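Asker: Anchor point for the sequence shown: position 62 equals 62 in full-length UniProt numbering, and the numbering is continuous, going up by one each time.
Don't be surprised by glycine CBs; every beta carbon is placed ideally from N, CA and C.
It should be emphasised that the depicted structure is a prediction, and the values quoted were computed from it without experimental measurement.
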Amino acid sequence: MTNRKKSIVLAGYVVCLLIVVVLKFHGDAMAFRLHIQQNLDYYHTYHELSCNFIPFRTLSLYLTDLPNTIALRNLLGNILPWIPLGLLTRWRFPTAKRAHVLGGLALFCLSTELLQLVTFTGSFDVDDWILNMLACLAAVMIWDRVCVER
């Protein structure tokens, strides 16, 4: 497959990931607009309550205080969608240094967290970023192990 086609596949997955993870868009544009408008009214309170800059704070909450189903759903939601991104990125850039690929993925994962905060569609949580990056790292390492070492 040509690099152009690989780029299109990767870009398509990135767009889908942004729609689902950042915008949490379910097909109703008016409801999404109303959600943004309501949160603008409570801008400062929203940002105070929806940020976690302390590593492992949310993860420890998942493991100790939340019901297992909520914790599992949040953990899987921060891992599973990012594995294909890591695989597709490595597939598109097979000769790039691993550090460069992971650096780009780290910036993209950070951007999604910031976009959630700016668009009022989620929270900025450093633990989400850590889980996203662990998933991407695992995917890149699997790709390198399976596809490069043949």
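Nearest CA to the CA of Leu88: which residue from Thr2, Tyr13 and Arg4?
Answerer: Numbered from 1 along the sequence shown, position 88 holds the residue referred to as residue 88. The shortest Cα separation from Leu88 among Thr2, Tyr13 and Arg4 belongs to Tyr13.
Asker: Does the separation of the CB atoms of Gly86 and Ala11 fall below 8 angstroms?
Answerer: For the purposes of this step, residue 86 is identified with residue 86 of the sequence shown, where counting begins at 1. For the purposes of this step, residue 11 is identified with residue 11 of the sequence shown, where counting begins at 1. Between Gly86 and Ala11, the gap from beta carbon to beta carbon reaches 8 angstroms or more.
Asker: Would you give the residue range spanned by the alpha helix (DSSP H) that Leu72 belongs to?
Answerer: Stepping through the sequence shown from its first residue, residue 72 is reached at position 72. Where Leu72 is concerned, the enclosing alpha helix (DSSP H) stretches over Asn68 to Gly77.
Asker: Rounded to a whole number of angstroms, what is the C-alpha to C-alpha distance between Val9 and Cys16?
Answerer: Mapped onto the sequence shown, residue 9 falls at position 9. Mapped onto the sequence shown, residue 16 falls at position 16. If I take the Cα positions, the gap works out to 11 angstroms.
Asker: Sorted by chain position, which residues of the same chain lie with C-beta nearer than 8 angstroms to Asp144's C-beta, five sequence neighbours on each side aside?
Answerer: The residue given as residue 144 occupies position 144 in the sequence shown. Correct list, in chain order: Arg90 and Arg98.
Asker: For Phe124, which three-state DSSP category applies?
Answerer: To locate residue 124, count along the sequence shown from 1; it is residue 124. Phe124 falls in the strand class under three-state DSSP.
Asker: Check for me: the alpha helix (DSSP H) holding Cys16 runs from which residue to which?
Answerer: For this step, residue 16 is matched to residue 16 along the sequence shown. Where Cys16 is concerned, the enclosing alpha helix (DSSP H) stretches over Asn3 to Leu17.
Asker: Need the endpoints of the alpha helix (DSSP H) that Arg90 sits in, please.
Answerer: In the sequence shown, the residue the question calls residue 90 occupies position 90. It spans Trp82 to Arg92 - the alpha helix (DSSP H) in which Arg90 sits, taken as one unbroken run.
Asker: Just mark Val146 as buried or exposed, buried being the case when its beta carbon has 16 or more other beta carbons within 10 Å.
Answerer: On the sequence shown, position 146 is the one that residue 146 refers to. That one is exposed.
Asker: To the nearest angstrom, how far is the alpha carbon of Leu115 from that of Asp128?
Answerer: Working through the sequence shown from its first residue, we reach residue 115 at position 115. Working through the sequence shown from its first residue, we reach residue 128 at position 128. In a straight line, the C-alpha of Leu115 is about 13 angstroms away from that of Asp128.
Asker: Going by Cα to Cα distance, which pick from Phe93, Thr2, Thr58 and Met1 is closest to Ala71?
Answerer: Residue 71 sits at position 71 when you count from the first residue of the sequence shown. It is Thr58 whose Cα lies nearest to the Cα of Ala71.
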